[in-house]
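> Before we start, here is the structure in question, set down as structure tokens.
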Amino acid sequence: MGAGRGEHGGNHAARGIQIGNGVVVDSVTGQFTQGGLEQSRGNFDIAINGEGFFSVVLPDGTTGYTRAGDFIVDNTGQLVTPDGFRLAGGILLPAGTDSISVAPNGVVTAVNENGSTQVVGQLTLTRFLNPGGLLRLGDNTFTATPASGNGVTDVPTTNGLGTLTSGSLEQSNVDVTSELVNLVIAQQAFQFNTQSLQVESQVLQTTADLIQ
Numbered sequence: 013m014g015a016g017r018g019e020h021g022g023n024h025a026a027r028g029i030q031i032g033n034g035v036v037v038d039s040v041t042g043q044f045t046q047g048g049l050e051q052s053r054g055n056f057d058i059a060i061n062g063e064g065f066f067s068v069v070l071p072d073g074t075t076g077y078t079r080a081g082d083f084i085v086d087n088t089g090q091l092v093t094p095d096g097f098r099l100a101g102g103i104l105l106p107a108g109t110d111s112i113s114v115a116p117n118g119v120v121t122a123v124n125e126n127g128s129t130q131v132v133g134q135l136t137l138t139r140f141l142n143p144g145g146l147l148r149l150g151d152n153t154f155t156a157t158p159a160s161g162n163g164v165t166d167v168p169t170t171n172g173l174g175t176l177t178s179g180s181l182e183q184s185n186v187d188v189t190s191e192l193v194n195l196v197i198a199q200q201a202f203q204f205n206t207q208s209l210q211v212e213s214q215v216l217q218t219t220a221d222l223i224q
């Protein structure tokens, strides 16, 4: 799953006792390195192993992209995200479907309560030349931008796309230990900068008192 990373603007250098303008966040880019796959309890969960995003239909009719495969079934029998975004192209499950089985190449088979099976559709994946350029909408959903380039949509296992695994979910690609260390370092840097500003303020006040 994609993690976010802030891109910071430069720290404006100060001369003498001039006060800089600080650091600003220019943008947040997604990190789409592969997360580990873990068996799940959801009967309609699907994990992507390799490159690619599921295409979903957003409320305004445009296309969104997600690697989160924790799908559910809505009241019309469509596979949808927890937010209700249906898969582009649509996967309609027959009444009585208890679970699905998805082949590595995206062929979806509905499994009935009595164990009978029926092929119901074909999933596709979309990959981008620069996935870091996708615009994050929240809840693991993104849209394409000029920076990401146009997506290439095809059947899994083809055109550089990954494979699919049903009954599993991709785990977060965030290294929690590393992020905690980075947080401590950032906190220490903030405290140091705060102390530096306090000293600088005292110097300015002393200088002003001497001038008077």
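The working numbering puts the last residue of the sequence shown at 224; the count rises by one with no breaks. Where a beta carbon is used, it is the ideal one built from N, C-alpha and C, also for glycine.
Fully enclosed by the region 129-178, which beta strand (DSSP E) runs are 3 residues long or longer?
Segments of the beta strand (DSSP E) lying fully in the region 129-178: 129-134, 137-139, 147-150, 153-155, 164-166 and 175-178.
> Can you look up F202 in the DSSP assignment and give me helix, strand or coil?
Translated into the one-based positions of the sequence shown, residue 202 becomes position 190. Note: F202 maps to helix in three-state DSSP.
> Contact defined as beta carbons within less than 8 Å: I believe G102 pairs with P168. What is the distance between those atoms, to the nearest angstrom?
In the sequence shown, residue 102 corresponds to position 90, counting from 1. In the sequence shown, residue 168 corresponds to position 156, counting from 1. That belief does not hold up - the Cβ atoms of G102 and P168 are roughly 17 Å apart, past 8 Å.
> Measure the CB-CB distance between L146 and I58 and report whether it falls below 8 Å.
Walking along the sequence shown from the start, residue 146 turns up at place 134. Walking along the sequence shown from the start, residue 58 turns up at place 46. Their beta carbons are not under 8 Å apart, which means L146 does not touch I58 by this criterion.
> Beta-carbon separation of L149 and G76 under 8 Å?
Within the sequence shown, the letter at position 137 stands for residue 149. Within the sequence shown, the letter at position 64 stands for residue 76. It is a contact, given that the beta carbons lie within the stated cut-off.
> Which class does I29 belong to by DSSP, given the choice of helix, strand or coil?
Taking the sequence shown and counting its residues from 1, the one referred to as residue 29 is at position 17. Caution applies to I29, whose pLDDT of 47 falls short of 50 and renders its modelled position unreliable; the value that the coordinates give is listed next. Coil.
> Let's see if you can read the secondary structure: which residues bound the beta strand (DSSP E) around G76?
Indexing the sequence shown from 1 puts residue 76 at position 64. Unbroken beta strand (DSSP E) run through G76: T75 to T78.
> The beta strand (DSSP E) that contains E50, what's its start and end?
Taking the sequence shown and counting its residues from 1, the one referred to as residue 50 is at position 38. Segment L49 to Q51, the beta strand (DSSP E) holding E50.
> Within the continuous beta strand (DSSP E) that includes E182, where are the two ends?
One-based indexing of the sequence shown puts residue 182 at position 170. It spans S180 to E182 - the beta strand (DSSP E) in which E182 sits, taken as one unbroken run.
> I'd like the list of long-range same chain contacts for S113, defined as Cβ closer than 7 Å, with 5 residues on each side in sequence excluded.
The count along the sequence shown starts at 1 and reaches residue 113 at position 101. Around S113: T121, V123 and S178.
> Using only alpha-carbon positions, find the residue among A107, S52 and Q130 that is nearest to F83.
One-based indexing of the sequence shown puts residue 83 at position 71. F83 has its Cα closest to that of S52, out of A107, S52 and Q130.
> I need the straight-line Cα distance from D187 to G48, nearest angstrom please.
Position 175 of the sequence shown holds residue 187. Position 36 of the sequence shown holds residue 48. Reliability of the predicted coordinates at D187 is poor, the pLDDT of 43 falling under 50, and no value is obtained from them.
> Quick check: what's the CA-CA separation for T166 versus Q200?
Numbered from 1 along the sequence shown, position 154 holds the residue referred to as residue 166. Numbered from 1 along the sequence shown, position 188 holds the residue referred to as residue 200. Note that residue 166 corresponds to Asp in the displayed sequence, not to Thr. Each residue's Cα considered, the two are about 47 Å apart.
> Would you kindly work out how many angstroms separate the C-alpha atoms of N87 and R98, rounded to a whole number?
The residue labelled residue 87 in the question sits at position 75 within the sequence shown. The residue labelled residue 98 in the question sits at position 86 within the sequence shown. Between N87 and R98, the C-alpha separation is close to 12 Å.
> Quick one: residues in its chain with C-beta nearer than 6 Å to the C-beta of T153, no 5 flanking neighbours on either side, listed in chain order?
Stepping through the sequence shown from its first residue, residue 153 is reached at position 141. If we look at T153 and ignore the five residues flanking it on each side, its Cβ neighbours are G76 and T78.
> Could you give the residue range of the beta strand (DSSP E) that holds T109?
The residue given as residue 109 occupies position 97 in the sequence shown. Per DSSP, T109 belongs to the beta strand (DSSP E) from T109 to V114.
> Answer with buried or exposed for A220, where buried requires no fewer than 16 other C-beta atoms within 10 angstroms of its C-beta.
Start at 1 with the first residue of the sequence shown, and residue 220 comes out as number 208. Exposed: under 16 other Cβ atoms inside 10 Å.
> Could you tell me the boundaries of the beta strand (DSSP E) in which I103 lies?
Position 91 of the sequence shown holds residue 103. Per DSSP, I103 belongs to no beta strand (DSSP E) and is neither H nor E.
> Cα separation between L137 and P71?
By one-based count along the sequence shown, residue 137 stands at place 125. By one-based count along the sequence shown, residue 71 stands at place 59. The alpha-carbon atoms of L137 and P71 are separated by roughly 20 Å.
> Enumerate in chain order the residues of its own chain whose CB-to-CB distance from E50 is below 7 Å, with the five nearest sequence positions on each side excluded.
As a working mapping, residue 50 is identified with position 38 in the sequence shown. Contacts found: S180, L181 and Q183.
> Taking F140 and G163 to be in contact with their CB atoms under 8 Å, please state how far apart those CB atoms are, rounded to whole angstroms.
The residue you call residue 140 lines up with position 128 of the sequence shown. The residue you call residue 163 lines up with position 151 of the sequence shown. Yes, F140 and G163 are in contact; Cβ-Cβ is about 5 Å, under 8 Å.
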